[in-house]
Amino acid sequence: MPFLNSAPALLILTGAFLGLTLPFGKLAFGAGVTPAVWAFVISTGAGTVLLAAFLAMGKRPLLNGRMARYYLITALISYAVPNLMTLSAIPHLGSGFTGIMYTLSPVFTLLLSMLFGIKRPNMLGLLGILVGFAGAVLVGFTRGQVGQPAEPFWIIIGLLIPVLLALGNVYRTIDWPEGADPTELAAGSHLTTAILLIPVIFYVSGSFAVEPLGNVPWLVVAQILASTCMFALYFRLQAVGGPVYLSQIGYVGAAVALIAGTLFLGEVYQLATWVGAVIITIGVLMTTKAQRMAAKATATA
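Count the sequence shown with the numbering used here and you get residues 1 to 301, in order.
If you want it as structure tokens, here you go:
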């Protein structure tokens, strides 16, 4: 499929599926599902479907110490901890506001990428990231939904999410197993995440309460479909666009979460929040154009 080789198309699709995860999470919590159990649903569902797809292609997973290390570290810093923090913050910040925290990931990813000597974006791409960051800062000062200002503790938790995501983006690039299939890496990382979440669920809740999931079966199916599509494209985007470009899915995800939260969940945000979202969108358009320019220059070189 042509879009699998198009970084802008992958960015928009992956970010859109990411944005759906946040309002889905808020609906799940309203039905009594805990954040840890919902994170388990996301990783178990996505990992199982992706593994089945990988096996259906006639391929066999490579199991060795190198892959095990990659799966464990990726699971911890990219999925298990960030997802728990994100899902726990949603009831306090709102799905739209929590999604906007993801928009800070490109800045931290860029800084870490430059530190580790990974290819940096061109000037237009750099300006796009800075414009997106300016929009995110504006949104951050609004402190959540109208009439429901967020506590400083949850603002701090929200700010830590993009730091971990940035670490994960850079780590996956630096330690990407040579010749590994993106679908294989996505499946293995999420099944490892699911295993890590089991003791967390028992520690936090004292039991593995799956009964609330039976109250929202349609939501479980929708979430598994969204997360499977997102992570199938996520690792492909990493391979095609690199860690800094990948990190910008947060911009797209934030816009989707903000719109979904407003239209379907009754969340109300200040004008400044929406202005910040528009500025973030401008940043995405700038970086997308920069990526196309870079791809064209490489093709003609």
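Even glycine gets a Cβ: it sits at the ideal position worked out from N, Cα and C.
Quick caveat: nothing in here was measured; it's all calculated off a predicted structure.
V210 carries a coil assignment under DSSP once its states are collapsed to helix, strand and coil.
Less than 8 Å separates the beta-carbon of T287 from that of G128. Put simply, of I161, I73, L76 the residue whose alpha carbon is nearest the alpha carbon of A89 is I161. Within the region 36 to 88, no run of beta strand (DSSP E) reaches 3 residues while sitting entirely inside it.
DSSP, reduced to helix, strand and coil, places I118 outside both helices and strands of the structure shown, so it counts as coil.
Across the structure, A297 and N122 are spaced so that their CA atoms are roughly 11 Å apart. In the structure shown, the three-state DSSP call for S205 is helix. Around the beta-carbon of N83, 16 or more other beta-carbon atoms lie within 10 Å, marking it buried. In the three-state scheme derived from DSSP, where H, G and I count as helix and E and B as strand, T34 is classed as coil.
With a cut-off of 8 Å on Cβ pairs, the region 100 to 116 is not in contact with the region 233 to 240, counting fewer than three such pairs. Annotation: S247 is outside any alpha helix (DSSP H) and is labelled neither H nor E by DSSP. Counting along the chain, the unbroken alpha helix (DSSP H) around P152 starts and ends at 152 to 174.
Residue environment for V220: buried (at least 16 other C-beta atoms within 10 angstroms of its C-beta). Judged by their CB atoms, G132 and Y251 are nearer to each other than the 8 Å cut-off. By the Cβ-count criterion, P23 is buried, with 16 or more other Cβ atoms from all chains shown falling within 10 Å of its own Cβ.
Per DSSP, the unbroken alpha helix (DSSP H) holding S95 starts and ends at 95 to 101. For L138, the closest of I280, L124, H190, I42 by C-alpha to C-alpha distance is I280. By a beta-carbon distance limit of 8 Å, V41 contacts L213. Their separation comes to about 7 Å. Measuring C-alpha to C-alpha distances from A28 to each of P217, L165, I249 identifies P217 as the nearest. Per the C-alpha coordinates, the member of E184, S6, G30 positioned closest to L50 is E184. T173 and L18 have their C-alpha atoms roughly 20 Å apart. Here DSSP, grouped into helix, strand and coil, assigns Q270 to coil.
Assigned with DSSP and collapsed to three states, P243 falls in helix. In the three-state reduction of the DSSP assignment, P182 falls in the helix class, which pools H, G and I.
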